[in-house]
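In terms of our numbering, the sequence shown is residues 12 to 216.
We put the CB at the ideal spot given by N, CA and C, even for glycine.
Predicted model, so just to flag it, every value in this text is computed and none were measured.
One structure below.
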Amino acid sequence: MKNTFFQKTYSVIETSFFLGFTSMFLYIGVLLLKISIGSISIEPLDSFINIFLQYLSIFLHYLKFLTYGILMIPITLLLTEFMIRIRQDNFWNYFKSLYQTRHLRQFLKQEEKSESVISIDDQRSVTKLNPILEQFNQAIDKCLVDVRNKSVIIYIQYPKTQQSQKLLKDMEEHIKEEVSNQNPNYYFSAPNREGNSLWYIGTRR
Numbered sequence: 012m013k014n015t016f017f018q019k020t021y022s023v024i025e026t027s028f029f030l031g032f033t034s035m036f037l038y039i040g041v042l043l044l045k046i047s048i049g050s051i052s053i054e055p056l057d058s059f060i061n062i063f064l065q066y067l068s069i070f071l072h073y074l075k076f077l078t079y080g081i082l083m084i085p086i087t088l089l090l091t092e093f094m095i096r097i098r099q100d101n102f103w104n105y106f107k108s109l110y111q112t113r114h115l116r117q118f119l120k121q122e123e124k125s126e127s128v129i130s131i132d133d134q135r136s137v138t139k140l141n142p143i144l145e146q147f148n149q150a151i152d153k154c155l156v157d158v159r160n161k162s163v164i165i166y167i168q169y170p171k172t173q174q175s176q177k178l179l180k181d182m183e184e185h186i187k188e189e190v191s192n193q194n195p196n197y198y199f200s201a202p203n204r205e206g207n208s209l210w211y212i213g214t215r216r
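Okay, structure coming up:
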């Protein structure tokens, strides 16, 4: 089973928007710094301030193009996704896919309860996270739901360790029940594992 275009680009779009907006806020911050420094007038430091402002201007110039370049990646991918949806599917299914992806991740996420462990060396109480739940949640954070007119394709990455895999295995029926409840017009077959991927395929009734 291959990932759909939505599933291939979801993380790229999310990461690119984060980096792009981070770069934009950095640009605004540096620009405000430049304006503030430019309003300072101290005769002995004027030459130094002018040189510093020139370097800031160069930095802002490249930062602006970097921001544009980063933001063009998710915008291009989104426009491509929208064109595919309009021609082959339904535009609004993209937003259903976003919502159901976030909903399923929230549904599957396990609370990482910390355990207090007494250190033998100095008799202190040390807080320790449950590594099984931590590994499980890392895998679950990559699950994706692609809703289409004729089908719903759900991808879940299998955790790496045996204990976290068992946890996911025990949840398979609950997952099927939840996604069926979210998509009552689709019939979901039993999950299919391929390598480190678990797939749920729903077909319209």
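Sort the options by Cα distance to residue i and report the nearest one.
{"i": "Glu161", "options": "Asn196, Lys13, Thr33 and Gln168", "result": "Going by the sequence as given, residue 161 is Lys instead of Glu. Answer by Cα proximity: Asn196."}
{"i": "Ile69", "options": "Gln146, Pro202, Tyr38 and Tyr198", "result": "Tyr38"}
{"i": "Gln111", "options": "Gln193, Ile24, Arg204 and Asn203", "result": "Gln193"}
{"i": "Leu90", "options": "Gln117, Val158, Ile24 and Arg159", "result": "Ile24"}
{"i": "Asn104", "options": "Arg159, Glu54 and Pro170", "result": "Arg159"}
{"i": "Gln174", "options": "Thr87, Leu140, Asn101 and Leu144", "result": "Leu144"}
{"i": "Leu88", "options": "Gly206, Pro170, Thr20 and Ser191", "result": "Thr20"}
{"i": "Gln18", "options": "Glu54, Ser108 and Pro55", "result": "Ser108"}
{"i": "Glu122", "options": "Leu56, Glu54, Gln99 and Gln146", "result": "Gln146"}
{"i": "Gly206", "options": "Gln117, Gln99, Gln176 and Ile86", "result": "Gln176"}
Assuming residue i is part of the alpha helix (DSSP H), what are its boundary residues?
{"i": "Leu119", "result": "Asn104 to Leu119"}
{"i": "Glu54", "result": "From DSSP, Glu54 is part of no alpha helix (DSSP H); its letter is neither H nor E."}
{"i": "Thr33", "result": "Phe16 to Gly49"}
{"i": "Asn192", "result": "Glu183 to Gln193"}
{"i": "Glu205", "result": "No alpha helix (DSSP H) contains Glu205, which is instead part of the beta strand (DSSP E) from Asn203 to Glu205."}
{"i": "Asn148", "result": "Pro142 to Ile151"}
Distance check for residue j and residue i, CA to CA, integer angstroms please.
{"i": "Leu64", "j": "Gly49", "result": "7 Å"}
{"i": "Phe106", "j": "Thr172", "result": "33 Å"}
{"i": "Arg96", "j": "Phe16", "result": "10 Å"}
{"i": "Leu119", "j": "Ser58", "result": "60 Å"}
{"i": "Thr214", "j": "Phe29", "result": "34 Å"}
{"i": "Val156", "j": "Leu67", "result": "44 Å"}
Would residue i pass as a contact of residue j if the rule is Cβ separation under 9 Å?
{"i": "Ser22", "j": "Ile84", "result": "no"}
{"i": "Leu179", "j": "Ala201", "result": "no"}
{"i": "Ile60", "j": "Ile51", "result": "yes"}
{"i": "Leu82", "j": "Val41", "result": "no"}
{"i": "Met12", "j": "Asn203", "result": "yes"}
{"i": "Val190", "j": "Leu140", "result": "no"}
Following the continuous beta strand (DSSP E) through residue i, name the residue where it begins and the one where it ends.
{"i": "Arg215", "result": "Ser208 to Arg215"}
{"i": "Asp100", "result": "From DSSP, Asp100 is part of no beta strand (DSSP E); its letter is neither H nor E."}
{"i": "Tyr198", "result": "Tyr197 to Phe199"}
{"i": "Tyr166", "result": "Ser162 to Gln168"}
Q. Per the contact definition of three or more C-beta pairs closer than 8 Å, is the region 162 to 176 in contact with the region 199 to 212?
A. yes
Q) Touching or not, the region 25 to 42 and the region 71 to 87, by the rule of three or more beta carbon pairs under 8 Å? A) yes
Q.
Quick check: the region 184 to 203 against the region 40 to 50, are at least 3 beta-carbon pairs closer than 8 Å?
A. no
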